[in-house]
């Protein structure tokens, strides 16, 4: 990226947030802090009102506006690609909002770039994920986003599959995260008096209350996610599989607490963190004798127990059929 493009990109980023730190700009543009200081000074000398300092970050003074942003064809194509994924990952409200945004992007493109994007759109597709019919098709992502930004309490009706019942709750939202093919709302539940993981597609009613909550009383969202992945209740598991089996495992490992791997000849040693040995053992049984449990012994015993129960089940079934 040349200096002119970098200056323009810095200005756009400064207008996109209340404050932007030097480290953010250094990380994005892969240049030294000294270079960023020079760039900001150049912007100020050109008449752009920039406030702040190196310690707290920089910002463009309120009231100053850039001319309308013009996208090049590569930027527009990247947004188009994102829109294809979004259609299958969020609820209808967010899809509609994104489509409106894409119309605005197309409107400011050059004529040749509009044709480029139109041709590209006809030749890109994302196959929808196979899912069961959803009882609650609107997962209220837009409402949740507003509550997060405004730090306001949500009133929801939530369906628990385990108890097969719905309950009304007041919650203090911490953040939303996408995993295992679903959006999840992490929030403090006033009913349960603890942090909870709510699947968004099980929310059947959702509205924002006027009440604000104190976010400082809760852990930060990144801290909570890290605790979810490798929390105090999660236990380390180490297994070994042949390299050919590792190919079959593929992306499945990311749903079972995958934390890393190393190679030992023709074997791959994999580390996981799991909150349940029973849950993890059931997954391992899919791969039969190709998996070796290195540690812990508790997982080995749990797997043996499941194999024994399975053997007993089929022995009993065989006796019943023969009678």
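In the working numbering, the protein residues as written are 1 to 323.
Glycine included, every Cβ here is placed at the ideal spot set by N, Cα and C.
Quantities reported herein were computed from a predicted structural model and do not represent experimental measurements.
**Message:** Among the candidates 33, 154, 55, whose CA atom is the shortest distance from the CA of residue 168?
**Reply:** The count along the chain shown starts at 1 and reaches residue 168 at position 168. Ranking the options by Cα distance to residue 168, first place goes to 154.
Return the CA-CA distance between residue 40 and residue 262, expressed in angstroms with no decimal places. For the purposes of this step, residue 40 is taken as the residue at position 40 of the chain shown. For the purposes of this step, residue 262 is taken as the residue at position 262 of the chain shown. Going by the C-alpha atoms only, they are around 45 Å apart.
field: C-alpha distance - residue 292 paired with residue 266, whole-angstrom precision
entry: Sequence index remark: in the chain shown, residue 292 carries index 292 (1-based). Sequence index remark: in the chain shown, residue 266 carries index 266 (1-based). One C-alpha to the other measures close to 13 Å.
| residue 95 to residue 84 span [Cα, whole Å] | Taking the chain shown and counting its residues from 1, the one referred to as residue 95 is at position 95. Taking the chain shown and counting its residues from 1, the one referred to as residue 84 is at position 84. Near 10 Å, if we compare the C-alpha coordinates of residue 84 and residue 95.
message: DSSP three-state label for residue 82, please.
response: Numbered from 1 along the chain shown, position 82 holds the residue referred to as residue 82. If DSSP states are grouped into helix, strand and coil, residue 82 belongs with the helices.
Report the three-state DSSP secondary structure of residue 194 (helix, strand or coil).
-> The residue you call residue 194 lines up with position 194 of the chain shown. Looking at residue 194 - three-state DSSP - the assignment turns out to be strand.
Residues bridged to residue 240 (per DSSP): The residue given as residue 240 occupies position 240 in the chain shown. Paired residue(s): 269, 292.
(Q) Could you tell me the alpha carbon to alpha carbon distance between residue 10 and residue 25, rounded to whole angstroms? (A) By one-based count along the chain shown, residue 10 stands at place 10. By one-based count along the chain shown, residue 25 stands at place 25. Taking the straight line joining both Cα atoms gives about 7 Å.
- Query: Below 8 Å between beta carbons: does that hold for residue 336 and residue 298?
  - Reply: Beyond the ends of the chain as shown, which are 1 and 323, falls residue 336; an answer cannot be given.
Do you know offhand how far residue 239's Cα is from residue 289's? The residue labelled residue 239 in the question sits at position 239 within the chain shown. The residue labelled residue 289 in the question sits at position 289 within the chain shown. If I take the Cα positions, the gap works out to 12 Å.
request  = Would you give the residue range spanned by the alpha helix (DSSP H) that residue 104 belongs to?
outcome  = The residue given as residue 104 occupies position 104 in the chain shown. Residues 92-107.
For residue 168, which of helix, strand or coil comes out of DSSP? The count along the chain shown starts at 1 and reaches residue 168 at position 168. If DSSP states are grouped into helix, strand and coil, residue 168 belongs with the strands.
Cα separation between residue 49 and residue 64?
The residue labelled residue 49 in the question sits at position 49 within the chain shown. The residue labelled residue 64 in the question sits at position 64 within the chain shown. For residue 49 and residue 64, the distance between alpha carbons rounds to 7 Å.
message = Taking 8 Å as the limit between beta carbons, can you name the residues of its chain near residue 386, skipping five residues before and five after?
response = This structure leaves residue 386 out entirely; the chain is present only between 1 and 323.
What does a CB cutoff of less than 6 Å around residue 54 pick up in its chain, not counting 5 residues either side in sequence?
Position 54 of the chain shown holds residue 54. Hits under 6 Å: 22.
### Task
Pick helix, strand or coil for residue 223, following the three-state DSSP scheme.
Looking up residue 223 in the chain shown gives position 223. In this structure, residue 223 counts as helix in the three-state DSSP scheme.
According to DSSP, what are the bridge partners of residue 263?
For the purposes of this step, residue 263 is identified with residue 263 of the chain shown, where counting begins at 1. In DSSP, residue 263 forms a bridge with 268.
Between the alpha carbons of residue 252 and residue 258, how many angstroms are there, rounded? For this step, residue 252 is matched to residue 252 along the chain shown. For this step, residue 258 is matched to residue 258 along the chain shown. Their Cα atoms are separated by approximately 9 Å.
**Request:** Would you identify the three-state DSSP class for residue 116, choosing helix, strand or coil?
**Result:** Taking the chain shown and counting its residues from 1, the one referred to as residue 116 is at position 116. Note: residue 116 maps to helix in three-state DSSP.
Where residue 243 and residue 311 are concerned, what is the direct C-alpha to C-alpha distance, given to the nearest angstrom?
Here residue 243 corresponds to residue number 243 of the chain shown, with the count starting at 1. Here residue 311 corresponds to residue number 311 of the chain shown, with the count starting at 1. Distance between the alpha carbons of residue 243 and residue 311: 29 Å.
Inset, instruction - Have a look at 3, 255, 112, 170 and flag the residue whose alpha-carbon is nearest the alpha-carbon of residue 192. - result: The residue given as residue 192 occupies position 192 in the chain shown. The residue with the shortest Cα to Cα distance from residue 192 is 170.
- Task: Rank 105, 123, 107, 17 by C-alpha distance to the C-alpha of residue 344 and give the top, closest one.
- Result: Beyond the ends of the chain as shown, which are 1 and 323, falls residue 344; an answer cannot be given.
Fill in: Environment of residue 173 [buried if 16+ CB atoms lie within 10 Å]
Mapped onto the chain shown, residue 173 falls at position 173. Answer is buried; the Cβ neighbour count reaches 16.
With a threshold of 16 other CB atoms inside 10 Å of the CB of residue 303, please say whether the residue is buried or exposed.
For the purposes of this step, residue 303 is taken as residue 303 along the chain shown, with counting starting at 1. The residue is buried, with at least 16 neighbouring Cβ atoms inside 10 Å.
Practice item. Just mark residue 190 as buried or exposed, buried being the case when its beta carbon has 16 or more other beta carbons within 10 Å. Key: Residue mapping note: residue 190 aligns to position 190 of the chain shown, counting from 1. Residue 190 should be labelled exposed.
Report task. Look at the alpha carbon of residue 32 and the alpha carbon of residue 223, and state the distance between them as a whole number of angstroms. Result -> Along the chain shown, read from residue 1 onward, the residue named residue 32 stands at position 32. Along the chain shown, read from residue 1 onward, the residue named residue 223 stands at position 223. Whole-angstrom Cα-Cα distance: 29 Å.
Cutoff 6 Å; reference residue 87; Cβ partners in own chain excluding five residues on either side: On the chain shown, residue 87 is found 87 positions in, with the first residue counted as 1. Answer for residue 87: 95, listed in chain order.
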